[in-house]
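Quick note: the sequence shown, position 498, residue 498 per the UniProt record's numbering, numbers continuous. All C-beta atoms in this analysis are idealised placements derived from N, C-alpha and C, irrespective of residue type, glycine included. As the structure is a computational prediction, the values presented were derived from the model and not from experiment. To keep things clear, I will list the structure first and then write my remarks on it.
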Amino acid sequence: MFKKILIANRGEIAVRVIKTCRRLGVKTVVVYSDADAGSMAVEMADETVHIGGSPASESYLVADKIIDAVKKTGAEAIHPGFGFLSENPAFAKRLEKEGIGWIGPNAHAIEAMGDKISSKKLAAEAGVSTVPGHMGLIEDTKEAVKISKEIGYPVMIKASAGGGGKGIRVAANDKEVEEGFPAVKAEAKSSFGDDRVFIEKFILEPRHIEIQVLGDKHGNCIYLNERECSIQRRNQKVIEEAPSPLLDPETRKKMGEQAVALAKAVNYDSAGTVEFVASGKDKGFYFLEMNTRLQVEHPVTEMITGVDLVEQMLLSAYGETMKLKQSDIGINGWAVETRVYAEDPYRNFLPSIGRLKRFHPPVEGKLGKGEVRMDSGVREGDEISMFYDPMIAKLITWGKDRDTALDTQAEALDRFYIEGIQDNIPFIAAVMDEKRFRSGNITTAYIKDEFPEGFHGVEPTKLQETQLIASAAYVHGFMSRRAQLVTGRMSPVPEARKDWVVILGDKHHPVQLELGEDGDAQITINGGKPHSLVTSWEPGQHLIEGVLDGKSFAVKFADRTEGYLFRHRGVALRALVCTPTVADLHSRLPEKEKPDTSKLVISPMPGLVVSMDVEVGQEVQAGEAVCVVEAMKMQNIIRAEATGTVKAINVEAGASVAADEIMVEFA
1 MFKKILIANR GEIAVRVIKT CRRLGVKTVV VYSDADAGSM AVEMADETVH
51 IGGSPASESY LVADKIIDAV KKTGAEAIHP GFGFLSENPA FAKRLEKEGI
101 GWIGPNAHAI EAMGDKISSK KLAAEAGVST VPGHMGLIED TKEAVKISKE
151 IGYPVMIKAS AGGGGKGIRV AANDKEVEEG FPAVKAEAKS SFGDDRVFIE
201 KFILEPRHIE IQVLGDKHGN CIYLNERECS IQRRNQKVIE EAPSPLLDPE
251 TRKKMGEQAV ALAKAVNYDS AGTVEFVASG KDKGFYFLEM NTRLQVEHPV
301 TEMITGVDLV EQMLLSAYGE TMKLKQSDIG INGWAVETRV YAEDPYRNFL
351 PSIGRLKRFH PPVEGKLGKG EVRMDSGVRE GDEISMFYDP MIAKLITWGK
401 DRDTALDTQA EALDRFYIEG IQDNIPFIAA VMDEKRFRSG NITTAYIKDE
451 FPEGFHGVEP TKLQETQLIA SAAYVHGFMS RRAQLVTGRM SPVPEARKDW
501 VVILGDKHHP VQLELGEDGD AQITINGGKP HSLVTSWEPG QHLIEGVLDG
551 KSFAVKFADR TEGYLFRHRG VALRALVCTP TVADLHSRLP EKEKPDTSKL
601 VISPMPGLVV SMDVEVGQEV QAGEAVCVVE AMKMQNIIRA EATGTVKAIN
651 VEAGASVAAD EIMVEFA
């Protein structure tokens with residue numbers, strides 16, 4: 001086994017590789033940019049080397065700097081993680097010439113499979129069914145429209161060198177191709193340094209299913225079952241699970257054998273993933289692409305097979321013969337992974353950048369009837385940078401079956417508290433309880449179908465309402481009693497108040513509160529039967545964990561200027577706890593009108609203005625593109641809220657903008 005390797009990556013995946021290396025006794029070197037100088041990966045590594053500025057083009061994508069770091073530290077091999085140089089065949093070839101080990105597949109396999117156009121041709125030659133499309137390169141928008149019409153709408157416009165959900169657009173008509181084609185080319189150039197684009201038929205009601213393969217340098221190759229990755233937003237995976245609710249043993253075997261056949265055709269010798277689009281109606285499947293690297297979602301495969309894929313990559317790169325046989329690979333239970341992103345689900349999932357003022361993930365290990373695993377590369381106090389992918393962490397849960405794994409995931413998300421930036425936990429937690437998702441009847445259009453107007457939170461169930469009212473009453477009653485104890489030192493302490501009104505959202509709930517001395521309370525809501533609450537909550541904690549009427553729960557809350565903000569599985573409500581008199585007065589207050597921002601185009605995030613597509617005096621229709629702002633490697637088309645004439649333009653292409661900065665004003 002290697003004695004020392006260099007990890008040419010950052011964040012969560014760098015930390016993930018370090019963990020396996022520590023277990024195996026392999027020393028690690030981590031390279032880092034200016035933005036990652038104080039990162040968790042840098043702290044955990046045995047050695048570190050600074051390689052440049054914050055933009056990836058000045059650091060993680062500069063092969064010379066990484067190779068220099070290998071020579072400087074005496075590392076024997078490089079693990080590229082995912083993204084950056086992980087699927088760059090020229091880099092793999094250069095390492096071979098330099099005598100540096102490459103913990104990934106051979107350069108020929110990367111070259112053959114990494115290019116989506118050539119990989120589809122190879123797949124077809126190998127007898128793997130492929131999606132209809134135009135495999136040649138497309139030079140301009142006019143040609144893209146012509147080809148799209150010939151294939152038949154809807155079509156998918158994809159960057160040939162793409163990955164990670166970037167450089168992809170679905171177009172349903174000529175206009176969407178005219179908008180999407182140049183955007184894909186620009187994203188491809190920015191993210192991958194390669195602006196080649198191709199177009200293929202978009203399969204209606206598709207499911208995204210991928211097969212994990214593993215090979216060695218001696219011709220052995222196996223598959224480690226499948227992952228269901230259909231829950232996507234803008235082609236970026238959000239929730240993954242293994243196995244798939246769709247597949248039966250026969251279909252799984254067919255897909256696995258095709259994936260292995262394709263891998264063997266290019267002498268694949270590491271961990272890799274063959275991706276398919278499958279039909280939920282007839283379980284037919286078509287080859288999409290092969291990712292010649294470790295996938296973000298690899299933990300769900302590890303959880304159901306017991307195989308450490310990073311370890312297997314190290315063994316293969318070192319030249320070891322794979323000990324695993326196909327017959328060794330089974331399916332033990334069910335695993336689910338959610339990607340926690342720095343984005344605001346209430347503002348159309350726009351990127352959120354800033355410092356993690358609080359970062360309290362759920363504890364790893366047993367939770368309820370399942371188990372929790374956390375893969376993350378950040379800590380409290382770290383900054384989420386505009387220079388890299390917005391993923392904060394991956395939360396993985398395991399259960400003996402799908403329902404148990406999902407229940408455990410939901411409970412773990414309830415206990416995941418982040419403050420300082422916006423995160424998508426409310427959204428993914430809401431999905432965990434959604435009826436269609438629970439049924440397993442999902443497609444890649446699931447989010448678009450179920451949340452067509454975006455995510456605006458969900459209404460609380462009766463149980464959630466009870467949990468929130470009880471939590472609000474307990475916290476306020478506890479704090480009131482504490483204040484009385486402090487102020488009553490020089491005089492008799494008055495009896496703790498029992499009658500309160502909890503205003504949850506816009507509903508008033510009379511409450512009778514009987515506080516015990518050891519975190520217990522009896523709470524009567526709206527004159528009903530008393531509820532029994534037991535909790536270990538103390539002031540300063542932002543998570544109320546407890547047992548209400550014998551059922552465990554966890555609710556997040558933050559103290560606000562007026563009342564508390566409670567959050568639970570997509571429910572976000574303000575709670576005021578008042579005396580009955582104050583509650584009556586509060587109900588008489590007029591509602592404050594929201595300001596009209598329809599005549600303003602406001603930057604929804606910090607970023608870079610890629611293009612300004614309007615000019616002063618131009619009449620713009622509601623929904624028409626006004627400009628493009630790039631943040632976290634994604635280009636976001638900003639559209640007008642209402643029809644109007646451009647009065648002023650405050651920024652130009654190439655300018656940096658802050659969140660909520662006014663970019664364009666309408667008359």
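### Query
From Ile-67 to Ile-78, what does the alpha carbon distance come to, in whole angstroms?
C-alpha separation (whole angstroms): 9 Å.
### Message
Which of the three DSSP states is assigned to Gly-101 in this structure?
### Response
strand
#### Entry: At least 3 beta-carbon pairs within less than 8 Å: the stretch 631-648 vs the stretch 603-622
yes
### Task
Could you pull out every residue in the same chain whose Cβ sits closer than 6 Å to the Cβ of Gly-505, ignoring the five residues on either side in sequence?
Within the same chain, Leu-573 come within 6 Å of Gly-505 by CB-CB distance, once the 5 residues on both sides are set aside.
### Message
Does the contact criterion of 3 or more C-beta pairs under 8 Å hold for the stretch 94-109 versus the stretch 313-331?
### Response
yes
### Message
Measuring only the C-alpha atoms, how far is Glu-289 from Ala-124?
### Response
12 Å
### Task
For His-360, write down the residues that DSSP places opposite it in a beta bridge.
Tyr-417
### Query
Since residue 686 is in the beta strand (DSSP E), which residue starts that stretch and which ends it?
Any question about residue 686 goes unanswered here, given that the chain covers just 1 to 667.
### Query
Which residues mark the beginning and the end of the alpha helix (DSSP H) in which Thr-292 is found?
That residue, Thr-292, is in no alpha helix (DSSP H); it is neither H nor E in DSSP.
### Task
Assign Met-490 to buried or exposed, taking buried as 16 or more other Cβ atoms, counted over all protein chains shown, within 10 Å of its Cβ.
Only weak support exists for where Met-490 lies, its pLDDT of 48 falling under 50; the value from the coordinates is given anyway. The residue is exposed, with fewer than 16 neighbouring Cβ atoms inside 10 Å.
#### Entry: Rounded straight-line distance, which links the Cα of Ser-439 to that of Asn-9
Within the model, the alpha-carbon separation for Asn-9 versus Ser-439 is close to 37 Å.
### Task
Would you mind stating whether Val-70 and Ile-51 have Cβ atoms separated by less than 7 Å?
no
### Coarse secondary structure for Leu-548, derived from DSSP in three states
strand
### Query
Leaving out five residues before and five after Leu-513 in sequence, what residues of the same chain have Cβ atoms less than 7 Å from its Cβ?
Contacts found: Ala-473, Gly-477, Lys-498, Trp-500, Ala-521 and Ile-523.
### Task
Would you be able to state if there are at least three C-beta pairs under 8 Å between the stretch 181-198 and the stretch 164-172?
yes
### Proximal residues to Leu-137 (C-beta, below 6 Å), its chain only, five neighbours per side dropped
Arg-196
#### Entry: Spatially closest choice to Arg-233 from Thr-461, Val-145 and Thr-338, by CA coordinates
When only C-alpha atoms are compared, the closest one is Thr-338.
### Task
In angstroms with no decimal places, state the Cα-to-Cα distance between Asp-140 and Lys-120.
For Asp-140 and Lys-120, the distance between alpha carbons rounds to 22 Å.
### Task
Check each candidate in Thr-251, Glu-250, Glu-275 and Arg-252 and name the one with the smallest Cα separation from Leu-262.
For the set Thr-251, Glu-250, Glu-275 and Arg-252, the Cα lying nearest the Cα of Leu-262 is the one of Glu-275.
### Query
Is Met-303 buried or exposed, if buried means 16 or more other CB atoms sit within 10 Å of its CB?
By the neighbour-count rule (16 or more Cβ atoms within 10 Å), Met-303 is buried.
### Task
Give a yes or no on whether 7 Å exceeds the smallest Cβ distance from Ile-222 to chain C.
Judged by its chain identifiers, the structure shown contains no chain C, having just a single protein chain.
### Message
So, at 6 Å on beta carbons, what are the nonlocal neighbours of Val-277 in its own chain, with the 5 sequence-adjacent residues on each side left out?
### Response
Residues Ile-203, Pro-206, Tyr-286 and Leu-288 of the same chain have their beta carbon placed closer than 6 Å to that of Val-277, with the five preceding and five following residues left out of the count.
### Task
Ignore the nearest five residues each way along the sequence and tell me which others in Glu-150's own chain have a CB closer than 8 Å to its CB.
His-134
### Query
Any chance the stretch 381-396 sits against the stretch 344-363, with 3 or more Cβ pairs inside 8 Å?
With the cut-off at 8 Å, the stretch 381-396 and the stretch 344-363 touch.
### Query
Between Gly-180, Ala-183 and Thr-273, which lies nearest to Asn-225 when the distance is taken from Cα to Cα?
Thr-273
### Message
Under DSSP, the beta strand (DSSP E) around Gly-453 begins and ends at which residues?
### Response
Contrary to the premise, residue 453 reads as Glu rather than Gly in this sequence. Where Glu-453 is concerned, there is no enclosing beta strand (DSSP E), given that its DSSP letter is neither H nor E.
### Query
If you run the structure through DSSP and keep just helix, strand and coil, what is Tyr-564?
strand
### Query
Just checking my contact of Gly-365 with Asp-407 at CB under 8 Å: how many whole Å lie between their CB atoms?
That belief does not hold up - the Cβ atoms of Gly-365 and Asp-407 are roughly 16 Å apart, past 8 Å.
### Query
Can you list, in chain order, the stretches of the beta strand (DSSP E) that have 3 or more residues and sit fully within the stretch 490-538?
Runs found: 499-504, 507-515, 520-525 and 531-535.
### Task
Classify Glu-241 as helix, strand or coil using the three-state DSSP reduction.
strand
### Task
Return yes when the Cβ of Gly-570 is within less than 7 Å of the Cβ of Pro-426, no when it is not.
yes
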